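Peer 1: Okay, handing you the structure first.
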Amino acid sequence: MKSVSLLLALGLGAAVIAAASCGGNPPPQTPTPAIDTAAENQRVRDSIAAAEAERARQAQAEAERIAAQRRADSLAALARAGEEVRTTLAAMIHFDLDKSNIRADDMGVLDQKVAILQANPELKIRIGGHCDERGSDEYNLALGNRRAQSAKQYLVSHGIDASRIETQSWGEERPLVDGHDENAWSQNRRDEFEVTSGGDNIRRP
Amino acid sequence: MTRRTVGRSEGRTVIVTAFLVSLLSFGPTVRQSDCQDTSAIDRGVRIGIIYRPGVRPGLVMLPRTGMGLDSIRTIVARDLDYSDRFEVITLPGGDSIRLATPSAAPRGTGTRRSGSGTTATGGAQSRTLNYPLYQALGADFALDITAAGDTTVATLHDIAAAGIRRTVRVKLPRPGDPDFRQAVHRLADQAVQAALGTPGIAATRILFVKDGKVYQIDQDGADQKLVSSTDRQAMSPAWGADGRHFAYMEFQAGKGWLYLQEMATGKRTAVSTTGSALDFTPAFSPDGQTLAFSRATEEGTDLYTINVKNNCCLRRLTVGRFSDNLSPTFSPDGQRIAFVSTRPGLPQIYVMAADGTDQQLFAPFDYGVTGSSNAPEWSPDGQSVAFHRDVAGTLQVFVLDVRTRTVRQLTSVGRNEDPTWAPDSRHLAFVSDRSGYRQLWIIDLDTGRIRPLLQQSGARLPAWSPRLTEAPSTTP
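Order-wise, the sequence lines are chains A and P. Here this note's numbering is used: position 71 in the first sequence is 71, and no number is missing along the way. Here this note's numbering is used: position 64 in the second sequence is 1064, and no number is missing along the way.
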């Protein structure tokens, strides 16, 4: 009876020890089966191919975008050139109070117009003379006429045919700036230039 | 009750008040001799200032109520006031004081009453006033407006002569009728004519420009009306001498076009030869045959005339070359044209014969000192030319005496420009910003009295009509 209990005790003790040693040393990992490795390699290859295709597509799109942009840019550049010419042509000149002589700082503005008119022989323009509100309403019609004629004379004396230039006077009837101070007045004493015909394909001088 | 007395002269008001106090105290016992003698006033409240009638006769509108006459009386009273030819005396309290009772007639005024008054009216219309009483009030005239059926009767009493000066009967359009106010204005003018032998200016209108459109307005500020018929920008309206049409300039396709327009129908026609350049500042000759105007070309601005009756005979009057010539205005005899020329460097007022000869300076100026002068208009009596001149950076209205060729400055407050004569040659309408914004004002040169014509901003370039004589049927 005593030996059975000892054996049991030993057996329990061994079991306990065995159990303890199993937890402390896990079994080594089994190697990956051969079929799994091949699939993974295929997946990687596919992914690389897809990426390369995507890159190609992107490169193509980018190339197209750049090409389109170039076309747009060159069109815009053309338009900008025309717009610049138009802006230069429309640039106003200004006058001193009750005066109609061309100011020295405005001669360059008129010289640019001369160049544009020479580069575009079909171009015709109209010059409108304007005054500030301080003078007499009716006298300002005569003064505005003088101002328009001054600019026309300048262009004609620099070689532009007089028949290409119309003039008109608005007196003080069309102020550019509302206001009753020198800032407004000095902006309103002006000649405006507008294209009346031949402005569709305007060229740089 | 006498506190409500409104006199145009403070002195007169005081005396009227004082006199009414004494009158009411004495009541019917007041005698003719007392009233005629100014010492009677001294018996009442003694006032240190004795009113002198001065240059303007006193006129009293007799109080009447009902009968639809209120608006007529109001318009006439204002016209008489605006004529600046009378001291218009307003009676206190209306009928309650019974100043105008016919029953007062038998009170010892018999001998005077039978004089000029009855002969002037054939006796039948004789309506007797207590003339001495009105004389004591300072009145030289009394105007009584009554109705007899559909006829309006205006009776002008001559207080000093103690009789009726004139009776006018007129069938007025109904109030609200487009012609009503002008008909009433003509009635007021007849009263002025009867009293002073000079026609009034009540039946006149003023054309002006606002926001690029031409408008008309009665001289008393009523009945403003758009007369422009297009949306294009217009300037410089100018009356024909008959008052039935006007000329003006309109911007069109970069040019200045001149048009003639009938006042009654609004029908307009372009002046022949216009449309090729900037034509502006039209002015009719007094006979209505010729239109003078300015034309701006490459050579500058010059004056032209054209026969608008036959649409012919364009004629150039000035050759400026390096100067501008503009803003013509005919003398009333049609022989001369005053205008603006920049030949001295700045615009100044010049004159020439109507055919362009004999051009010479008209309004003197100091070279290098006097500012620009513009917008001349010859007065209907031929004696003056009104214009505006730059003084210290702003514009002021001046008048040139044609005979002596001297100028005097009329205005000094604010900016004042573009004067235009009333047909009486003593009133001017002009543009002024004295109230803070530009609007039309009227000044009486004799008294210096100034009144606003409009209460709107932006009105400019006024043109005062001649007397508008669509005469109603009247029985003097």
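Beta carbons are placed, not taken as given, at the ideal position from N, Cα and C, and that holds for glycine. Just so it is clear, the structure is predicted and the values come from calculations on it, not from any experiment.
Bridge partners of residue 1225/P, per DSSP?
Peer 2: Here residue 1225/P refers to the residue found at position 225 of the second sequence. DSSP lists 1216/P as the beta-bridge partner residues of residue 1225/P.
Peer 1: For residue 1270/P, go through chain A and note every residue whose CB falls closer than 8 Å to its CB, in chain order.
Peer 2: Here residue 1270/P corresponds to residue number 270 of the second sequence, with the count starting at 1. In chain order: nothing, as chain A lies at least about 18 Å away.
Peer 1: Buried or exposed: where does residue 113/A fall if 16 or more other Cβ atoms within 10 Å of its Cβ makes it buried?
Peer 2: Stepping through the first sequence from its first residue, residue 113/A is reached at position 113. Buried: at least 16 other Cβ atoms inside 10 Å.
Peer 1: Is there a Cβ of chain P sitting closer than 9 Å to that of residue 152/A, yes or no?
Peer 2: Taking the first sequence and counting its residues from 1, the one referred to as residue 152/A is at position 152. With 9 Å as the cut-off, residue 152/A counts as an interface residue toward chain P.
Peer 1: Taking residue 188/A as part of the alpha helix (DSSP H), name the residues at either end of that continuous run.
Peer 2: Here the question's residue 188/A lines up with position 188 in the first sequence. Its alpha helix (DSSP H) spans residues 182-188.
Peer 1: Please report the distance separating the alpha-carbon of residue 1389/P from that of residue 120/A.
Peer 2: The count along the second sequence starts at 1 and reaches residue 1389/P at position 389. The count along the first sequence starts at 1 and reaches residue 120/A at position 120. Distance between the alpha carbons of residue 1389/P and residue 120/A: 46 Å.
Peer 1: Closer than 8 Å between beta carbons: that is the criterion. Which residues of the stretch 1324-1337 of chain P meet it against chain A?
Peer 2: 1324, 1326, 1327
Peer 1: Please go through the stretch 135-200 of chain A and give each complete alpha helix (DSSP H) segment of 4 or more residues, from N-terminal end onward.
Peer 2: List check, alpha helix (DSSP H) in window: 139-157, 182-188.
Peer 1: I'd like to know whether the C-beta atoms of residue 1405/P and residue 1463/P end up nearer to each other than 9 Å.
Peer 2: Working through the second sequence from its first residue, we reach residue 1405/P at position 405. Working through the second sequence from its first residue, we reach residue 1463/P at position 463. For residue 1405/P and residue 1463/P, no; Cβs fall outside 9 Å.
Peer 1: For residue 1461/P, go through chain A and note every residue whose CB falls closer than 7 Å to its CB, in chain order.
Peer 2: Start at 1 with the first residue of the second sequence, and residue 1461/P comes out as number 461. In chain order: 137.
Peer 1: Listing by chain order, which chain A residues have their CB less than 9 Å from the CB of residue 1375/P?
Peer 2: Position 375 of the second sequence, counted from the start, is the residue given in the question as residue 1375/P. Residues of chain A passing the Cβ test: 136, 137, 138, 139.
Peer 1: What span of residues does the alpha helix (DSSP H) with residue 113/A cover, start to end?
Peer 2: For this step, residue 113/A is matched to residue 113 along the first sequence. From DSSP, the alpha helix (DSSP H) with residue 113/A extends over 104-119.
Peer 1: Can you pull the chain A residues whose beta carbon is under 7 Å from the beta carbon of residue 1425/P, in chain order?
Peer 2: Within the second sequence, numbered from 1, the residue matching residue 1425/P stands at position 425. Chain A residues near residue 1425/P: none, gap ~22 Å exceeds 7 Å.
Peer 1: Taking the alpha-carbon of residue 166/A as reference, which of 183/A, 195/A, 175/A, 179/A has the nearest alpha-carbon?
Peer 2: Locating residue 166/A in the first sequence gives position 166, where the first residue counts as 1. Ranking 183/A, 195/A, 175/A, 179/A by CA distance to the CA of residue 166/A puts 195/A first.
Peer 1: Can you tell me which residues form a DSSP beta bridge with residue 1268/P?
Peer 2: Here residue 1268/P is taken as the residue at index 268 of the second sequence, counted from 1. Per DSSP, 1261/P.
Peer 1: Does the stretch 1264-1273 of chain P come close enough to the stretch 1297-1316 of chain P that 3 or more CB-CB pairs lie under 8 Å?
Peer 2: Touching, yes.
Peer 1: Residue 1235/P and residue 78/A - do their beta-carbons sit closer together than 9 Å?
Peer 2: The sequence position of residue 78/A within the first sequence is 78, counting from 1. The sequence position of residue 1235/P within the second sequence is 235, counting from 1. In this structure, residue 1235/P does not lie closer than 9 Å to residue 78/A by Cβ.
Peer 1: Output the distance between the C-alpha atoms of residue 1303/P and residue 123/A, rounded to the nearest integer angstrom.
Peer 2: Start at 1 with the first residue of the second sequence, and residue 1303/P comes out as number 303. Start at 1 with the first residue of the first sequence, and residue 123/A comes out as number 123. Their Cα atoms are separated by approximately 33 Å.
Peer 1: Contact criterion: CB-CB distance below 9 Å. Does residue 1464/P meet it with respect to chain A?
Peer 2: Position 464 of the second sequence, counted from the start, is the residue given in the question as residue 1464/P. Taking Cβ atoms only, chain A never reaches closer than 9 Å to residue 1464/P, which makes this a no.
Peer 1: Once DSSP output is grouped into helix, strand and coil, what is the label at residue 1466/P?
Peer 2: Position 466 of the second sequence, counting from 1, holds the residue named residue 1466/P. DSSP places residue 1466/P in coil when its eight states are reduced to three.
Peer 1: In chain A, which residues lie with their C-beta within 7 Å of the C-beta of residue 1281/P?
Peer 2: Looking up residue 1281/P in the second sequence gives position 281. Under the 7 Å cutoff, chain A gives 138.
Peer 1: Note down, in chain order, each residue of its chain lying with its Cβ closer than 7 Å to the Cβ of residue 1262/P, except the 5 sequence neighbours on either side.
Peer 2: Locating residue 1262/P in the second sequence gives position 262, where the first residue counts as 1. Cβ within range, chain order: 1244, 1245.
Peer 1: Mind listing which residues of the stretch 1298-1328 of chain P have their C-beta closer than 9 Å to chain A's C-betas, in chain order?
Peer 2: 1298, 1299, 1300, 1301, 1324, 1325, 1326, 1327
Peer 1: Using a threshold of 9 Å, state whether the C-beta atoms of residue 1385/P and residue 1442/P are closer than that.
Peer 2: Position 385 of the second sequence, counted from the first residue, corresponds to residue 1385/P. Position 442 of the second sequence, counted from the first residue, corresponds to residue 1442/P. Result no, Cβ atoms of residue 1385/P and residue 1442/P do not sit closer than 9 Å.
Peer 1: Mind listing the chain P neighbours of residue 166/A? Cutoff is C-beta to C-beta under 9 Å, in chain order.
Peer 2: For the purposes of this step, residue 166/A is taken as residue 166 along the first sequence, with counting starting at 1. Ordered by position in chain P, the residues that pass the 9 Å Cβ test against residue 166/A are 1254.
Peer 1: Where does residue 95/A sit, in a helix, a strand or coil, going by DSSP?
Peer 2: For the purposes of this step, residue 95/A is taken as residue 95 along the first sequence, with counting starting at 1. Looking at residue 95/A - three-state DSSP - the assignment turns out to be coil, as it is neither helix nor strand.
Peer 1: At 8 Å on the CB atoms, spell out the chain A contacts of residue 1453/P, in chain order.
Peer 2: Counting from one through the second sequence, the residue named residue 1453/P turns up at place 453. By Cβ distance, chain A contributes nothing, its closest Cβ being about 18 Å from residue 1453/P, past 8 Å.
Peer 1: Flag residue 1409/P as yes if its beta-carbon sits less than 9 Å from any beta-carbon of chain A, otherwise no.
Peer 2: Counting from 1 along the second sequence, the entry for residue 1409/P is found at position 409. For residue 1409/P, the closest Cβ of chain A is not nearer than 9 Å.
Peer 1: Let me see if you follow: with CB-CB separation under 9 Å, is residue 1388/P close to chain A or not?
Peer 2: Residue numbering aside, residue 1388/P sits at position 388 when the second sequence is read from its first letter. Cβ-Cβ to chain A under 9 Å: yes for residue 1388/P.
Peer 1: So, does the CB of residue 60/A fall closer than 9 Å to a CB anywhere in chain P?
Peer 2: Stepping through the first sequence from its first residue, residue 60/A is reached at position 60. No, its Cβ sits nowhere closer than 9 Å to a Cβ of chain P.
Peer 1: Pull the bridge partners of residue 127/A from the DSSP assignment, please.
Peer 2: Numbered from its first residue, the first sequence carries residue 127/A at position 127. For residue 127/A, the beta-bridge partners assigned by DSSP are 167/A, 193/A.
Peer 1: Let me confirm a value: residue 1340/P is counted as buried when at least 16 other C-beta atoms fall within 10 Å, else exposed. Which label applies?
Peer 2: Your numbering for residue 1340/P matches position 340 in the second sequence. Classification for residue 1340/P: buried.
Peer 1: Just to confirm, is the Cβ distance from residue 1080/P to residue 1147/P under 9 Å?
Peer 2: The residue labelled residue 1080/P in the question sits at position 80 within the second sequence. The residue labelled residue 1147/P in the question sits at position 147 within the second sequence. No, the pair does not count as a contact, with Cβ atoms beyond the cut-off.
Peer 1: Quick check: the Cα distance between residue 1325/P and residue 1454/P, rounded to an integer number of angstroms?
Peer 2: Along the second sequence, one-based indexing puts residue 1325/P at 325. Along the second sequence, one-based indexing puts residue 1454/P at 454. Residue 1325/P and residue 1454/P: Cα-Cα distance of roughly 32 Å.
Peer 1: Determine, for residue 159/A, whether the minimum Cβ-Cβ distance to residues of chain P falls below 9 Å.
Peer 2: In the first sequence, the residue the question calls residue 159/A occupies position 159. By this cut-off, residue 159/A is not an interface position.
Peer 1: Flag residue 1296/P as yes if its beta-carbon sits less than 9 Å from any beta-carbon of chain A, otherwise no.
Peer 2: Walking along the second sequence from the start, residue 1296/P turns up at place 296. Yes - at least one Cβ of chain A is within 9 Å of the one on residue 1296/P.
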